[in-house]
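Trainee: Which chain is which? The protein sequence lines are A and B, in order. The opening position of the first sequence corresponds to residue 1 in our numbering, with each subsequent residue numbered one higher. The opening position of the second sequence corresponds to residue 332 in our numbering, with each subsequent residue numbered one higher.
Protein chains: 2
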Amino acid sequence: MMIGNAAVVGGGVIGGGWIARLLQNGVNVRVFDPAKDARQKIDAVLENAALAFENLIEGPRPGLGRLEYCNSISEAVDGVPLIIEAVPERLELKQSVYREIEDHAPVDALIASSTSGLLPSDLQADMKHPGRLLVAHPFNPVYLLPLVELVGGNETVPETIEKAKGFYSFLGMKPLHVRKEIEAFIADRFLEAVWREALWLVKDEIATTEEIDDAIRFGFGLRWAQMGLFETYRVAGGEAGMKHFIEQFGPCLKWPWTKLMDVPDLTDELVDKIAAQSDAQSGHHSIRQLERIRDKNLVGILKALKVNDWGAGKTLSGYEQQLSLDFGEKR
Amino acid sequence: MMIGNAAVVGGGVIGGGWIARLLQNGVNVRVFDPAKDARQKIDAVLENAALAFENLIEGPRPGLGRLEYCNSISEAVDGVPLIIEAVPERLELKQSVYREIEDHAPVDALIASSTSGLLPSDLQADMKHPGRLLVAHPFNPVYLLPLVELVGGNETVPETIEKAKGFYSFLGMKPLHVRKEIEAFIADRFLEAVWREALWLVKDEIATTEEIDDAIRFGFGLRWAQMGLFETYRVAGGEAGMKHFIEQFGPCLKWPWTKLMDVPDLTDELVDKIAAQSDAQSGHHSIRQLERIRDKNLVGILKALKVNDWGAGKTLSGYEQQLSLDFGEKR
Chain A
1 MMIGNAAVVG GGVIGGGWIA RLLQNGVNVR VFDPAKDARQ KIDAVLENAA LAFENLIEGP
61 RPGLGRLEYC NSISEAVDGV PLIIEAVPER LELKQSVYRE IEDHAPVDAL IASSTSGLLP
121 SDLQADMKHP GRLLVAHPFN PVYLLPLVEL VGGNETVPET IEKAKGFYSF LGMKPLHVRK
181 EIEAFIADRF LEAVWREALW LVKDEIATTE EIDDAIRFGF GLRWAQMGLF ETYRVAGGEA
241 GMKHFIEQFG PCLKWPWTKL MDVPDLTDEL VDKIAAQSDA QSGHHSIRQL ERIRDKNLVG
301 ILKALKVNDW GAGKTLSGYE QQLSLDFGEK R
Chain B
332 MMIGNAAVVG GGVIGGGWIA RLLQNGVNVR VFDPAKDARQ KIDAVLENAA LAFENLIEGP
392 RPGLGRLEYC NSISEAVDGV PLIIEAVPER LELKQSVYRE IEDHAPVDAL IASSTSGLLP
452 SDLQADMKHP GRLLVAHPFN PVYLLPLVEL VGGNETVPET IEKAKGFYSF LGMKPLHVRK
512 EIEAFIADRF LEAVWREALW LVKDEIATTE EIDDAIRFGF GLRWAQMGLF ETYRVAGGEA
572 GMKHFIEQFG PCLKWPWTKL MDVPDLTDEL VDKIAAQSDA QSGHHSIRQL ERIRDKNLVG
632 ILKALKVNDW GAGKTLSGYE QQLSLDFGEK R
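(1) Shorter than 9 angstroms from the beta carbon of threonine 115 of chain A to some beta carbon of chain B?
(2) Restricting to Cα atoms, I'd like to know which of B:Gly552, B:Ile517 and B:Thr487 is closest to aspartate 188 of chain A.
(3) Taking C-beta pairs closer than 7 angstroms, name the residues in chain B that glycine 219 of chain A reaches, listed in chain order.
(4) Can you list the alpha helix (DSSP H) stretches of 4 or more residues lying completely in the segment 404-429 of chain B, in chain order?
(5) Is the CB-CB distance between proline 477 of chain B and glycine 348 of chain B below 9 angstroms?
(6) Do glycine 166 of chain A and alanine 635 of chain B have their C-beta atoms within less than 9 angstroms of each other?
(7) For isoleucine 287 of chain A, return the contacting residues in chain B, with the cut-off set at a CB-CB distance below 7 angstroms.
(8) Are the segment 353-362 of chain B and the segment 443-463 of chain B touching, with three or more C-beta to C-beta distances below 8 angstroms?
(9) If we ignore side chains and look at the alpha-carbon of each, how far apart do lysine 330 of chain A and leucine 91 of chain A end up?
(10) Could you name the residues of chain B that glycine 65 of chain A contacts, counting a contact when the two beta carbons are closer than 7 angstroms?
(11) So the beta strand (DSSP E) glycine 17 of chain A belongs to, where does it begin and stop?
(12) I'd like to check one pair, valine 340 of chain B with alanine 407 of chain B: are the Cβ atoms closer than 9 angstroms?
(13) What distance in whole Å lies between the Cβ atoms of alanine 546 of chain B and glycine 278 of chain B, which are believed to be in contact at a cut-off of 8 angstroms?
(14) With 16 other CB atoms within 10 Å as the buried threshold, where does lysine 36 of chain A fall?
(15) Give me, in chain order, the residues of the same chain whose beta-carbon lies closer than 6 angstroms to that of glutamate 486 of chain B; leave out the 5 immediate sequence neighbours on both sides.
(16) Closer than 8 angstroms, Cβ to Cβ, to anything on chain B: give me those residues from the segment 76-90 of chain A, in chain order.
(17) If we ignore side chains and look at the alpha-carbon of each, how far apart do serine 72 of chain A and aspartate 78 of chain A end up?
(18) Going by the beta-carbon positions, is the gap between isoleucine 605 of chain B and valine 525 of chain B smaller than 9 angstroms?
(19) Which runs of the beta strand (DSSP E), 3 residues or longer, sit entirely within the segment 133-215 of chain A?
(20) Quick one: what does DSSP say leucine 51 of chain A is sitting in, helix, strand or coil?
(21) Just curious, the alpha helix (DSSP H) that valine 307 of chain A is in, first and last residue?
(22) Counting only beta-carbon atoms, is glutamate 231 of chain A nearer than 9 angstroms to chain B?
(23) Between glycine 569 of chain B and alanine 52 of chain A, what straight-line distance do the alpha-carbon atoms span, to the nearest angstrom?
(24) How many angstroms separate the CA atom of proline 489 of chain B from the CA atom of isoleucine 513 of chain B?
(25) Phenylalanine 32 of chain A lies in the beta strand (DSSP E); which residues open and close that run?
(26) Helix or strand or just coil, what does DSSP make of valine 9 of chain A?
(27) Check the Cβ-Cβ distances between tryptophan 18 of chain A and every residue of chain B, and say whether any is below 9 angstroms.
(28) Given that a residue counts as buried once 16 or more other Cβ atoms are within 10 Å of its Cβ, and exposed if not, what is alanine 164 of chain A?
(29) From isoleucine 432 of chain B to aspartate 213 of chain A, what distance separates their C-alpha atoms?
(30) So that I know if they touch, is there some Cβ in chain B lying closer than 9 angstroms to that of arginine 39 of chain A?
(31) Isoleucine 19 of chain A and valine 31 of chain A look like a contact to me (Cβ under 8 angstroms); what is the Cβ gap, rounded to whole Å?
(32) Leaving out five residues on either side along the sequence, give the residues of the same chain with a beta carbon under 7 angstroms from the beta carbon of proline 62 of chain A.
(33) With serine 113 of chain A as the anchor, note down where its beta strand (DSSP E) starts and where it stops.
(34) Can a CB atom of chain B be found closer than 9 angstroms to the CB of lysine 180 of chain A?
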């Protein structure tokens, strides 16, 4: 078992993002993805990430990790202390992937699912060693956004969460332990709420996709990039304090403002309308160009906020020990 | 009537923010606020704004506007082409303020309400010249955040919106015309949705205020500071396009994820819990310190994103003409 090795199963947008973050942090990666165009897609993500990190990191950077494409899960997971699963969001598929992983990985390896929608207790239900499974839910682009939500299931042992915290911090991330297992965890619940309201606004012709995006990015988006909801309101409340603010603001919730009480039907007409408005908004850019614009902006923001601990003399030494679990049994 | 003059009625957090933005853009301001501590509060905002603009603007800056404290509404609004109203959110109060403004302001002056909750049709219901009233809803801190939502009521004339667009653009803002009059306009509907879900998460002990803030600011907050909701999803959807993305993502809305179907009761217990968690999160900073941290971060982000057109050689000349309306009658 080598220090600084990890396996990634599934090389889509999220798996590719994990690979990029791992490599940029000097971790060697073995990847398995059966798709024919997997390499091409992963290469595109790696290229974006390389460009972003060139601009992000001003001090010395650790050497890049080594990427190895494997022909099977068994080959990818052999001897690695951490396996990141990023396959499509189907419970049976993920469970079958875990069976194959458990047949070939070290018994003390951590298994981290990237799911945004499935519960860890369900994911680990058929595992031989369920204590080592956790959800580590990242946000796109994974190589730049720091947040990773860590969620254990009923069978996950506390040590798994603790070791994961250490590892993801090492990757320059902000691990957030979601202490209660809950659908959609934390951040996606907010995204859902906003998405639902946005669908209503487009459907009812209150605003176009571009107007909605402008309402976000020139206003509260700028606030939330640096202070969350509660802290922002604490400041807005002034010296009178948070309690005073809530007492003033809270009653508005009873007003007939929002449409959140149900979900608009996603008719063909609504889907077409959104797609057409989105095309009008940015169809003149390719997705590739939009990714570059996004990354350039994110790098600028991360640098302005100093949200990265790169170049702070961190070292990979000892990370194998930190990651390995002890289930009283070794392969 | 002098070029580059405006009146602000109400000098709280929002009114003070308007004054700061106006002065920093070289506009002279007359303010009326009957509160005893109004000057002190306004001075604190101006000090924050001065510090922020020193860091924000690298090129040459226009001279500061002149601030004049007035003893009455009539004195403040006499002869100015734009009156910004930022008094507390009570319809009757605002309507009585408009009556006094209309008795003393030029008949062609624009009247812009900062309300976040009241509808312009209601605000203008008793006005002599309702065509000149609009809502221009800013976001805190007003001197730094670019978004201003412009909303007309049933009686607002199109020219009012057009002139306001020009003026707020001159102030370095991003005016967003909300074409249909709707409760909470656009941005606050999203804030409501998130706030409601956040209250549930705290109440049910899923997460603390600090954890919720971290889930926002290390993840989607960073995305939304530079690309809104739809654009982010367009990119996430990749080459398959927006339509494909919605078809994949949309059905999740039917899952039992979010708690948005009702509002948690704001019991004393819940209010105390939030206040205590917020104290634990940042009680070691004064509000003043938090404001400075916020502003420093915002300045960094705005500079990184180049979201300000300062120093681009803009001039105040001619703004009086742009602002004045023609109702066929002159004072």
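Note that beta-carbon positions come from the ideal geometry of N, C-alpha and C, so glycine has one too.
Mentor: Per the coordinate set shown:
(1) no
(2) B:Gly552
(3) Phe470, Leu476, Leu478 and Ala518
(4) 404-408
(5) no
(6) no
(7) Val566, Gly569 and Glu570
(8) no
(9) Note that lysine 330 of chain A scores 39 on pLDDT, short of 50, meaning its location in the model is unreliable and no value can be drawn from it.
(10) What glycine 65 of chain A touches in chain B: nothing, since even the nearest Cβ is about 23 angstroms away.
(11) Unbroken run through glycine 17 of chain A is the alpha helix (DSSP H), 13-24; no beta strand (DSSP E).
(12) yes
(13) The question about residue 278 of chain B has no answer, for chain B in this structure spans 332 to 662.
(14) exposed
(15) Gln455, Pro461 and Gly462
(16) none
(17) 10 angstroms
(18) no
(19) 133-138, 147-152 and 174-177
(20) helix
(21) Where valine 307 of chain A is concerned, there is no enclosing alpha helix (DSSP H), given that its DSSP letter is neither H nor E.
(22) yes
(23) 18 angstroms
(24) 17 angstroms
(25) 28-32
(26) strand
(27) no
(28) buried
(29) 35 angstroms
(30) no
(31) 6 angstroms
(32) Asn25 and Gly26
(33) 110-113
(34) yes
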